[in-house]
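From first to last, the protein sequence lines are chains Z, U and W. The working numbering puts the first residue of the first sequence at 273, with every later residue one more than the last. The working numbering puts the first residue of the second sequence at 2, with every later residue one more than the last. The working numbering puts the first residue of the third sequence at -8, with every later residue one more than the last. Every residue, glycine too, gets a C-beta built ideally from N, C-alpha and C. Note that the structure is predicted; figures quoted are calculated from it, not measured.
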Amino acid sequence: MSYAVTIRRQDLSALVDMRGEARQIAALLAGLDLALPDAPNTAAEAGDRAVYWLGPEHWLLRAPIAEEDALLAGLHKDPLPPEISLVLVSDAYAFFEISGAEAAEVMAVASPLDLHASVFPAKGSAFTEAFGLKALVVRRGDGFELAVDRSLGDMTEDYLNRVVAF
Amino acid sequence: MTGGKFRNAAGGRVDRGRPLRFRFNGRAYQGFEGDTLASALLAHGARLTARSFKYHRPRGIVGAGVEEPSCFVELMGAEAAGNQPITTVRLREGLDARSVNCWPSPGFDLLSVNQFVARMLPAGFYYKTFMWPDWHLFEPHIRRAAGLAAAPQSDPRKGRYETRHSHCDVLVVGAGPAGLAAALAAGRSGARVLLADDGPEPGGSLLGRSSTLDGVPALDWVARATAELDSMANVTRLSDAVVWAYREANLLLITERAPAAAHVVQRTWRVRAGRVVIATGAIERSLVFADNDRPGVMLASAAQTYVNRYAVRPGHSAVLFTNNSSAYAAAADLRAGGVEIAAVVDSRETVPEEAKALLPGVEVLEGHVIERARGARSVAGADVRPRAGGLPRTIACDLICMSGGWSPTVHLFSQSRGRLRFDETIAAFVPGEAAQPAVCAGAAAGSFDLSGALADGAEKGLRAAQDLGFEARPLDLPAADSGPGYAIEALWHVPQDSPSAKAFLDIQHDVTVSDIQLAIREGFGAVEHAKRYTTAGMGIDQGKTGNINVIGTIAAQQGLPLQAVGTTTFRSPYVPVDFGALAGAREETVVLPYRHTPVTEWNKRQGAVMYEAGARWRRPGYYPLPDEGFQESVNREALAVRRGVAVYDGSPLGKFEIKGRDAPKLLDLLYTNLFASLKAGNGRYGLMLSDDGLILDDGVTFKLGEHHYLMSTSTAHAEEVYRHMEHLLRVERPDWQVRITPVTSQWANATVCGPRAREVMEALGTDIDLAPEAFPFMALRDGRVADFAARVCRVSFTGELSFEINVKSRHLAALWQRIMAVGEPFGLIPIGSEANHVLRVEKGFLSLGHEVDGTADPYDLGMGWIMSKKKDDYIGKRAVAIRRSREAARRELVGLLTEDPGRLVTEGAPLTPGGRREASEGFVSASVWSVVQNRSVALGLLADGRQRMGERVHVRLKDEVVPAKVVAPCFHDPDGKLLRS
Amino acid sequence: MLKITCPFCGPRNESEFVHGGPEKPRRPEDPAALSDTDWIDHLTVPDNPMGPVREKWWHLRGCGQWVTITRDTVSHDILDEDGHDRR
């Protein structure tokens, strides 16, 4: 490893794509003791669950995969009003963890997004570009998480390995 | 002897304790750590180090940095690289370099015969001579004779290249006095500062001079400033890093040639900066006199740099030729370093006393010029005469140091689209109005004296930080000695009496004063025309030392001020950049993205021949058995579907969940047919057009529940359909309440198809009632299949009974294995895209890129039934109606049977009347071997095709004409009984 | 490589966006009410001026919004709503 980083492809997370008006989504999340984040492209966390605010009227709920069914059960009020869309997308993403002292060096190769702490703060989470692909970037611990469309997971792993190879 | 006989015993910034061995043109030499290849060779008295581009004249080293116009080398071995200016190649142990553009060596160059036929190689020679019959016929030969280095043949890398993104508040370009002051001022404010310098150590011009600050060597101040910058967490300092491009929106490209990370050979930074301070200094210009290209004619500042920085004497005895006072300090340094100054030739009528005072006892010839350099392979003297005219006298010397004044290095500023203006006082183009948040500082802004450069740099660094909201305070700056001043009087070239005299304006491209004069006479006098006609200012050095003389010569010839002539465009890259440094890690397998389904790896293990399908998915083309050919494999797979059962991976199909009150309205606008009437649990095949009336996509959309749909699209057009829908919703109809979530990768599917598909489904075990009445064609059922939660759709792309089993992507690999195991007794096999293609052509199903070619409308394809008459509007309706009301004959989808049933024809082949060489009346859109017909079958688009059933048409191939019969475009189960079964 | 400011995400690289062409009048609610000529004009005759153009960019690799910017086709600069350079 040429950079002081650890790169790990993660197992699945439970992911629910949530679209709708903020007050309606907030009401649904309240049932899970979760709140919406305060600012665009940041996360609200509670334990090992997180809500990312990724676009206008668009959030992504993330939790350990074991909680997938519980999450869906907790969210689904029957009938769900037509203006709210909740879609399970756990399998649609491949997550990578890039951690360690030089995580930012690897991320700078991958993504044109300014990830400096003054611009992309502790709970930063945003869709951007990595290796030319649409990617979700989340600041976590001493590094970052990077998620791409699952079908591009192998390619992203290939690319990350090239970046740190020696 | 180790450092060379022209090396002084003391001084300079080379480490005499670290000798380095290297080779140049096959000969072994020794230099020191801190040398460049140029300084190490000069230390050994090397003179003839290159041959020129066009005439192959002998050439030597002219500059000391990136401005070098004359001598370029190719690096051999593990560091292979072409066209490197010899002055920027850092000496390393074992370096092996050779001159480009000469063969076999610069001393014995077979192509030097060109210089004796120079009269036959005037400006525009290539254009004039090689016009008939075709320039391209001559081009390869000319490139070989005139070309520079060859591309490296071996893989040169010991590590790898990297490109990375970066962001900063203030980017400072250049770590000379102005750049260091700017970086300090901005850095102390807390702004994120990036300081990039092209040299291995900071100091810029101070490294080559003997300047003092506050009475001590200026390099002491450089060391203190650098130490402070390095201690700041908000400052990043790059060495050996050339900023070579200034793009839009303050994006700059920097290539670091020797990054600290050992595994990186070169690293390119793509930097977005808030403000840019361009402190790139200035470049000394050459003077233009006859034979000013002889080895031993050198820029005065370069000679000064060699003696001060590298402790190398570039000659024994020098004549200084100048039009300004700055060169007197250079001559004084040379004298202090042991080079005799034979005379100073100054074109100014009166030389200021403070300049002369620097060279006590040296003859200063005021109002004089050098008419011609003496010597062939090395300077032997200078012919000097009064500027006004008169007989020359020869002064013996082995070095001519020239100074035509200085040009601020405005390349980056100009690349940023900033305007330049000609400043008559310093006879140079200086930065004018900026187009981006960039500012030049120090010599790059025309402040040539040290104290001015420091103050200017500090001021501009301070302002850059303040502009961005940082609190910055003025710096305390050290005091510089007052130098001899500048006092330039422009001299663009020394007028020549002899018509055969070669006075070079552009040394690299062998462009002389007479070439420019010829270009003007022939009507190519505009500066951009003259450049292209003569090639002046092109090439690797981009005219860094000579362009101003070209402009001055044009101005003088045409009686214009220089401002009116203007400059040519300054282009990136500022210096040569390796392709690898542009690509970074993006090479080999990751040059283009690739997408895998959950069974891609399984398919590879099975030995499937993998194809790149639409949207970069890697999918199996076919699964050959040992000793089986392509057609046998495809036939076997297609037959399995028609006679038994098979499975294919349908995961790449685009999938979108559509939710909202206005979702039915959206679907009815998108599709040509009616969707509002669709019932939950059912799906409908739909066709989408663009508003131009062309087919965008087709696919099946299911209704999952009230206000809730699942749309599938073709693999290749998924993103285009997504864009189309999002544009419609967010731009055209923002009041509609619909939300779309892409789920292509959430769901993966195995499609079991063939007459025995239902049996395999039962064997897998499912709680879904599979009876045709309970689960009809075009229905969707949620349930469990083989213990996996599944969503099964009855669609068919093959024309046979099909069950598309969708599961969460995490489950597909396991489901796939179960299908293989359970299906074995039924003879189930996996099939690839080739068999799928055969099956769809047999059915006459349309395919994007085959029948849907961007011209056909649904009526042409026999799909008039899908164009709803009930809907007032849908996208594409109006355009199709208008087009069909105006055109007579249209190309319509037909089936084609070649008269020779064994004959397959090339897809895309034209159909022409009678097979004659005439305008085509259609084309073959698909041609396959049909397993049900046991013969070749084809689809095509044919003018008025539906009226021509039974007719004989002709496929026109390159060497033959293949007759075929027009039939209905369906070769299997025309009533669709099987797919509904 | 332009830097495009997205109202939700802030300044982002051009490569995150898909160019959506110059802003056009909204698609008529009832195309049948237009003459053939007017409909063909609506489809095929967008302005192509030298100078500022209002245009759409889809933030595909970001928040998914359609962003409107004014870009000068001569200088390639992105201008503010009031036509001034954004800097």
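For the stretch 734 to 756 of chain U, the beta-carbon criterion of a distance under 7 Å to any beta-carbon of chain Z is satisfied by Gln738, Arg740, Thr742, Val744, Ser746, Gln747. From the listed residues Z:Tyr275, Z:Ala311, Z:Leu332, the smallest Cα separation to Phe392 (chain Z) is found for Z:Ala311.
Taking a C-beta distance under 8 Å as the contact criterion, Arg596 (chain U) and Arg617 (chain U) qualify as a contact pair. The C-beta of His168 (chain U) has 16 or more other C-beta atoms within 10 Å across all chains shown, which makes the residue buried.
Bridge partners of Asn807 (chain U) according to DSSP: U:Asn750, U:Arg792. Looking at the DSSP output, Ile659 (chain U) sits in a beta bridge with U:Tyr710, U:Ile741. Within the stretch 410 to 493 of chain U, complete beta strand (DSSP E) segments of at least 3 residues are found at 421 to 424, 429 to 432, 439 to 441, given in chain order.
Excluding sequence positions up to five before and after Asp669 (chain U), its CB lies within less than 8 Å of the CB of Leu675, Phe676, Ala677, Lys872, Tyr875, all in the same chain and listed in chain order. Note that the C-beta distance between Ser926 (chain U) and Ser937 (chain U) is not below 8 Å. Interface residue (Cβ-Cβ distance to chain Z less than 8 Å): Gly615 (chain U) is not classified as such. Between Met233 (chain U) and the set U:Val243, U:Ser190, U:Lys461, U:Gln543, the nearest pair of CA atoms involves U:Ser190.
Within the stretch 32 to 97 of chain U, complete alpha helix (DSSP H) segments of at least 4 residues are found at 38 to 44, given in chain order. Rounded to whole angstroms, Tyr56 (chain U) and Asp511 (chain U) show a C-alpha spacing of 7 Å. Not a single CB atom of chain Z sits nearer than 8 Å to the CB of Leu70 (chain W). For Pro756 (chain U), the three-state secondary structure derived from DSSP is coil.
Comparing alpha carbon positions, the residue from U:Pro393, U:Arg271, U:Ala262 closest to Leu253 (chain U) is U:Arg271. The C-beta of His348 (chain Z) comes no closer than 8 Å to any C-beta of chain U. If you check each beta-carbon in the stretch 302 to 332 of chain Z against every beta-carbon of chain W, the ones closer than 8 Å belong to Pro312, Asn313, Leu326, Gly327, Pro328, His330. In this structure, the CA atom of Asn26 (chain U) is about 10 Å from the CA atom of Val101 (chain U).
According to DSSP, residue pairing for Tyr365 (chain Z) in a beta bridge involves Z:Asp421. Along the stretch 659 to 689 of chain U, going in chain order, the ones with a CB nearer than 7 Å to a CB of chain Z are Lys660, Gly661, Arg662.
Within the stretch 6 to 39 of chain W, the complete alpha helix (DSSP H) segments at least 4 residues long are 27 to 35, listed from N- to C-terminus. With a beta-carbon spacing of about 17 Å, Gly42 (chain W) and Thr59 (chain W) fall beyond the 8 Å limit used to define contacts.
Out of U:Val701, U:Ala466, U:Gln509, U:Ala44, the CA that lies nearest to the CA of Gly316 (chain U) is found in U:Ala44.
Closer than 8 Å to the CB of Gly42 (chain W) there is not a single CB belonging to chain U. Annotated as proximal: Val243 (chain U) and Val576 (chain U), with beta-carbon spacing under 8 Å. Residue nearest to Pro970 (chain U) within the set U:Glu922, U:Arg918, U:Met864 is U:Met864 (criterion: CA-CA distance). The beta carbons of Ala442 (chain U) and Ile279 (chain U) sit closer together than 8 Å. Between the stretch 614 to 632 of chain U and the stretch 303 to 317 of chain U there are fewer than three inter-stretch CB-CB distances shorter than 8 Å, so the stretches are not counted as touching. The beta-carbon distance between Leu38 (chain U) and Val74 (chain U), rounded to whole angstroms, is 7 Å. This is short enough to meet the 8 Å contact definition.
The Cβ-Cβ distance between Phe657 (chain U) and Pro599 (chain U) does not fall below 8 Å.
A residue is called buried once 16 or more other Cβ atoms fall within 10 Å of its Cβ, and Ala439 (chain U) is buried on that count.
Per DSSP, the continuous beta strand (DSSP E) segment holding Pro621 (chain U) begins and ends at 619 to 623. Nearest to Phe54 (chain U) by C-alpha distance, out of U:Asn84, U:Ala29, U:Gly35, is U:Asn84. Taking the Cα of His166 (chain U) as reference, the smallest distance to any Cα among Z:Gly415, Z:Ala366, Z:Glu401, Z:Met427 is reached at Z:Glu401.
Under the 8 Å Cβ criterion, the stretch 878 to 889 of chain U counts as touching the stretch 28 to 36 of chain W, having at least three qualifying pairs.
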